[in-house]
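Engineer:
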Amino acid sequence: MSWAEIKAANKKLREVGDGPIAEAWQGFCQTVQRTTDAPPYHLAILLNRIEQYRGARQRSEIAIFDHGCGGGLTLLYLAARGYTNIYGNDVGGDLSMQNRITTEILHHPSPRFTIDDGKTIPLPDGSADIVFSQQVLEHVDNAAIESYFSEERRVLKPAGWAIHQIPHRLSPYDSHTRMWLIHYFPGPLHRALGRLFGAPIPDHLHLRWPWFHRRALKRHIGSCQDLTLERLKSVTNPSYYDGSIRLRRLISTMIALPLIGVFAGALLRHFVMLETLSVRSGRAA
0 MSWAEIKAAN
10 KKLREVGDGP
20 IAEAWQGFCQ
30 TVQRTTDAPP
40 YHLAILLNRI
50 EQYRGARQRS
60 EIAIFDHGCG
70 GGLTLLYLAA
80 RGYTNIYGND
90 VGGDLSMQNR
100 ITTEILHHPS
110 PRFTIDDGKT
120 IPLPDGSADI
130 VFSQQVLEHV
140 DNAAIESYFS
150 EERRVLKPAG
160 WAIHQIPHRL
170 SPYDSHTRMW
180 LIHYFPGPLH
190 RALGRLFGAP
200 IPDHLHLRWP
210 WFHRRALKRH
220 IGSCQDLTLE
230 RLKSVTNPSY
240 YDGSIRLRRL
250 ISTMIALPLI
260 GVFAGALLRH
270 FVMLETLSVR
280 SGRAA
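The numbering of the sequence shown is numbering that gives the first Met the number 0, which starts it at 0 and goes up by one.
1. In chain order, what are the residue ranges of uninterrupted alpha helix (DSSP H) at least 4 long that sit wholly in the region 186–225?
2. In three-state terms, what does DSSP make of serine 146?
3. Can the beta-carbon of tryptophan 285 be found less than 7 Å from the beta-carbon of tyrosine 239?
4. How is tyrosine 172 classed by DSSP in three states: helix, strand or coil?
5. Starting from phenylalanine 64 and walking both ways along the beta strand (DSSP E), at which residues does that stretch end?
6. Looking at the strands, I want to know which residues DSSP matches up with leucine 273.
7. List the endpoints of the continuous beta strand (DSSP E) containing phenylalanine 131.
8. Give me the Cβ distance between valine 15 and alanine 79, rounded to the nearest whole Å; I'm assuming they're in contact under 8 Å.
9. May I ask you to list the residues that DSSP assigns as paired with tryptophan 179?
10. Spell out the partners DSSP gives tryptophan 24 in its beta bridges.
11. Below 6 Å CB to CB, which residues in the same chain sit around phenylalanine 211 once its five sequence neighbours on both sides are set aside?
12. Could you say which of Arg194, Gln97, Ile49 and Leu228 lies nearest to glycine 70 if we only look at CA atoms?
13. Count the CB pairs spanning the region 168–176 and the region 95–109 that are closer than 8 Å, and state whether there are at least three.
14. If you reduce the DSSP assignment to three classes, tell me which class lysine 11 lands in.
15. Mapping DSSP to helix, strand and coil, what is isoleucine 254?
16. Near serine 59, which residues of its chain fall below 8 Å by C-beta distance, leaving aside the five closest residues on each side in sequence?
17. If you follow the beta strand (DSSP E) that glycine 92 is part of, which residue opens it and which one closes it?
18. Can you tell me where the alpha helix (DSSP H) holding phenylalanine 112 begins and where it ends?
19. Once you ignore the five residues that flank leucine 266 on each side, which residues in its own chain have a CB closer than 7 Å to its CB?
So this is what it looks like as structure tokens:
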């Protein structure tokens, strides 16, 4: 079962429009359930960590917030796996189908997907068990980046978890522009090189150094555990990777080698997408 098949099932949900949605949701859930033993690789760490956090509680008890949810597909996937206490927020888009599922199928009294300016999270203090984002932080501008993290701290329960996938400037390849290395240069030169090579830098792209994110997570939430190497070791068949699949497989092969793999992993993890787990410290806001 591939991620493409899950996206196809999600497309059928969107195509329902104002019509009955229960049958399309059932089909989506059946597609998701077929991934139980082999979930999409980009969700594996998120799923494992949510399960670890859950412990003996019911999946429906865990309040999960996607901070920059896009079309909400990850949250719908989680709901189909039993994590029905979901919330999503973004700065734009049509989330009417997603809200139909939360109210008509999951029977929440009000919609769980919201749109706003991205500077605040529309949740009460200390209400979320898990907050996560997947390749969102590189689209948060300088005016909002600090509040992005501080708002996560506010809505997390004490000892709640924040899990992030973060593209950054130290990765030699940028999948947004499909260019190598030019983002290593300062902003004006970076943009000039983008224009020169026919890959203009979009206004919504704000790549930062990985240490910026680690420091911000420690400052606002309370800790920052690097899960990047764990992801590199777990992904052996990156079938829908948006970079060079050949290079990604080479990395997997290198870090699996006896002895040398330890050193290769310790080095290479700095040059690929960062994945972090932060545990909220202190009392509720």
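Glycine included, each C-beta is placed from N, C-alpha and C at the ideal position.
Structural biologist: Based on what the coordinates show:
1. 186–195 and 209–219
2. helix
3. Outside the modelled stretch of the chain, which goes from 0 to 284, sits residue 285, for which no answer is possible.
4. strand
5. 63–66
6. Ile165
7. 127–133
8. Not really, about 16 Å apart at Cβ, beyond 8 Å.
9. Tyr172
10. In DSSP, tryptophan 24 forms no bridge with anything.
11. none
12. Gln97
13. no
14. helix
15. helix
16. Gly81, Tyr82, Thr83 and Asn84
17. First-last for glycine 92: undefined, no H or E at that position.
18. Phenylalanine 112 -> not in any alpha helix (DSSP H); beta strand (DSSP E) instead, spanning 112–114.
19. none
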